[in-house]
Amino acid sequence: MSRARFQTFDDPSHREGATRIAALREAMRRAGIDGLVVPRADEHQSEYVPVNAERLAWLTGFTGSAGTAVVLADEAALVVDGRYTLQAPAQVDTTILTPVQLAETSVEAWIGEHLKQGAVLGYDPWLHTAEGVAKLEKAAAKAGARIAPVSENPVDAVWADRPAAPAGAVVVHPLELAGESVEAKLRRIREALGRGGCDALVISDPHNLAWAFNLRGGDVAHTPLALGYAIVPRTGRAALYLTSPAIDPGLREALSPSVDIAGRADFDTALAALAAGASRIRLDSATGASALATLVEQAGGLVDPGPDPITLMKAVKNAGEIAGSRAAHHRDGIAVTRFLAWLSWEAPGGRLTEIAAVEALEDFRGETGLLRDISFPTISGSGPNGAIVHYRVTRDTDRTVGEGELFLVDSGAQYADGTTDITRTVAIGTPTKEMRDRFTRVLKGHVAIARATFPKGTTGAQIDSFARAPLWQAGLDFDHGTGHGVGAFLSVHEGPQRIAKTGTTALSPGMILSNEPGYYRAGAYGIRIENLVLVEERTIPGGERPMLGFETLTLAPYDAGLIDPSLLDEAEIAWIDSYHALVRDALSADLDGETRAWLEAATQPLQASGRRA
């Protein structure tokens, strides 16, 4: 099989943290600051950042998708969440940078405890929201210190080989896939501005930019984003300010009736002019950089920090997007099922490696002829590597998929009609009793979410415990959310909806989320089971309130050899059997004979297996 086109296996981490942090401290001294906050962020506050904004990775060697370093004159910390408990200490030089768990100590708490009285803590106002800056200010004040914005990021001053800003092609996302015209979307946005009493909206989130203007770009790896900003006034023409000059003429033509297009360099001046003549400008406090809020206020405008209305509009998929997602998941299910069958034949030989599995899976997806990209670097973790929640295989860490081990593969694809994300954990050889117990408990939680029926207005936080309860009963848990939102040929992580302890957004019909509980035994194995689900209305005979539930979109079998039916009740077994029948019926006609026979065997009913204890 060919090498992967969309994923590389070079180790992006490094062990130069001591040298680079020393250089940063010298730059801090020249800038007149005693400390610097270095978040993994760009000026759009996105989880997915371009290569020239990977300041945290360059400085520390940590390559996770979330984290914040605080560098002081004589100490430094890296604050990460539970997904990176194992990864962070393995990637950074812990003699000069202390990994800190967010669940135990927040960035602000660490600053309050370690910043010296009278010190000046620097921050880049383009990498923090106004809300975030207020938290930093409060933390510094607690220590008897103060914060100060920097005009040039000190990391950039010492990053000699910093990559150039991206300039990917910006193209039209066709109406038949977008499901709604730009004009209709702008009408809805303006109606929301009217209800909020705002004169204009500043769009700083590139995901919202892509959705509102039916465009896709190539500025960020694996996520089809075009970096830039937009201004949507309540009356008059909207304006796009794009970073990349590579704008397809078809996009200019499609947008010309209602939207002006300019370069990113023109945005600050345009925003200042708008602020000088408008009384109230909506700038989302969750995604709008502090620098933008300052610019508006200094020009005489009033910042309304409410949510960008596009975020929720984008989360609720329309009929065209839902149809596209179903088609993408059917296509992806064929590729993943072919991969799982291939894996069952290749792995027992003892020669299969994690990298070879990544390459094979990408090949199967590529053979659909419609693969645009992977939606994130594939997590291919055998044995102990599977316990690293966001493990990314490199040539240095690549290991053979061994007999008696579990193999966790978390992957996704970008197709023009939809974004996918799926995790399957399989046993290579005979699993232990403990492995089957843990897998079945995770599966029980996964099934509980899939089967859930709940009233309209229910939040993700209210159902998160459904996925954890079977693990809690054994004194176990997992340190990540149960589910995240997913876009339509956009980001594989999309808000505001999520199934997590912090998921405060009500779930609405049309939202797509992941359903992915897990269990991780450090140094031994990891288990995660993930499908994508669509929130839908449910009719309950005799019911008195509007109810919702989930349609499972993902199509691929679970590893029946890891299931202990004695831990399942009849309803759980019935759901698993029904799901496997759905997978078999949906995919069989599109598989070759050998893979079809494998799927037939892999989806035999548990009810008829004789394994019910």
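FYI, the numbering for the sequence shown is 1 to 613, going by full-length UniProt numbering.
The C-beta atom is built at its ideal place from N, Cα and C for all residues, glycine as well.
DSSP places GLN101 inside the beta strand (DSSP E), whose first and last residues are 98-101. Around the beta carbon of PRO384, 16 or more other beta carbons lie within 10 angstroms, which makes this residue buried. The Cβ atoms of HIS222 and SER375 sit closer than 7 Å to each other. A buried status is given to GLU572, since no fewer than 16 other beta-carbon atoms sit within 10 Å of its beta-carbon. Boundaries of the beta strand (DSSP E) around LEU240: 238-242. Distance between ALA262 and LEU242, taken at the CA atoms: about 6 Å. ASN531 has its alpha-carbon roughly 20 Å from the corresponding atom of ARG538.
The Cβ neighbour count for TRP342, taken over all protein chains shown within 10 Å, is at least 16; the residue is labelled buried. Counted as a single uninterrupted DSSP element, the alpha helix (DSSP H) harbouring HIS580 occupies residues 570-587. Between GLY549 and THR459 a beta carbon distance of about 15 Å is seen, past the 8 Å cut, so the two are scored as non-contacting. In the same chain as GLU16, and ignoring 5 residues on each side of it, the C-beta atoms closer than 8 Å to its own belong to GLY61, in chain order.
Residue pairing of LEU78 in beta bridges, as defined by DSSP: ALA69 and PRO99.
Counting the other CB atoms within 10 Å of its CB gives THR378 a total of 16 or more, which places it among the buried residues.
Annotation: the continuous alpha helix (DSSP H) that includes GLN87 extends over 87-91.
Of the candidates ALA356, LYS456, LEU555 and PRO455, ALA356 places its Cα closest to the Cα of GLN7.
Counting every other CB atom within 10 Å of its CB across the protein chains shown gives LEU513 a total of 16 or more, marking it as buried. The three-state reading of DSSP puts GLU16 in coil, since its state is none of H, G, I, E or B. With contacts defined as CB atoms closer than 7 Å, SER285 and GLU43 fail to qualify as a contacting pair.
Between HIS390 and SER65 a beta carbon distance of about 7 Å is seen, short of the 8 Å cut, so the two are scored as contacting. In the assembly as shown, TRP345 is an exposed residue. Its beta-carbon has fewer than 16 other beta-carbons within 10 Å.
Leaving aside the five residues that flank ILE449 on each side, the residues in its chain whose CB is nearer than 6 Å to its CB run, in chain order, PHE466, ALA467 and ASN515. The C-beta of ALA602 has 16 or more other C-beta atoms within 10 Å across all chains shown, which makes the residue buried. Contact between PRO166 and PRO50 is confirmed by a C-beta separation of about 5 Å, below the 8 Å threshold. Remark: three or more beta-carbon pairs, one from each stretch, lie closer than 8 Å, so the stretch 547-562 and the stretch 322-340 are flagged as touching. Taking a 10 Å sphere around the C-beta of TRP472, we find fewer than 16 other C-beta atoms and assign the residue as exposed. The three-state secondary structure of PRO233, taken from DSSP, is strand. Every beta strand (DSSP E) of 3 residues or more that sits fully in the stretch 427-489 is shown, in chain order, as 483-485. Annotation for PHE407: SER382, VAL401, VAL426 and ILE428 place their beta carbon closer than 6 Å to its own, counting only its chain and skipping 5 residues before and after.
If you draw a straight line from the Cα of HIS330 to the Cα of LEU587, it is about 7 Å long. For PHE550, the uninterrupted beta strand (DSSP E) run begins and ends at 547-552, by DSSP. Here SER411 carries a strand assignment [DSSP, helix/strand/coil]. Listed in chain order, the non-local C-beta contacts of GLY457 below 6 Å within the same chain comprise ALA506, local neighbours out to five positions each way being set aside.
By the Cβ-count criterion, ARG441 is buried, with 16 or more other Cβ atoms from all chains shown falling within 10 Å of its own Cβ. The shortest CA-to-CA distance from GLU176 to any of ALA41, ASN318 and THR94 is the one to ASN318.
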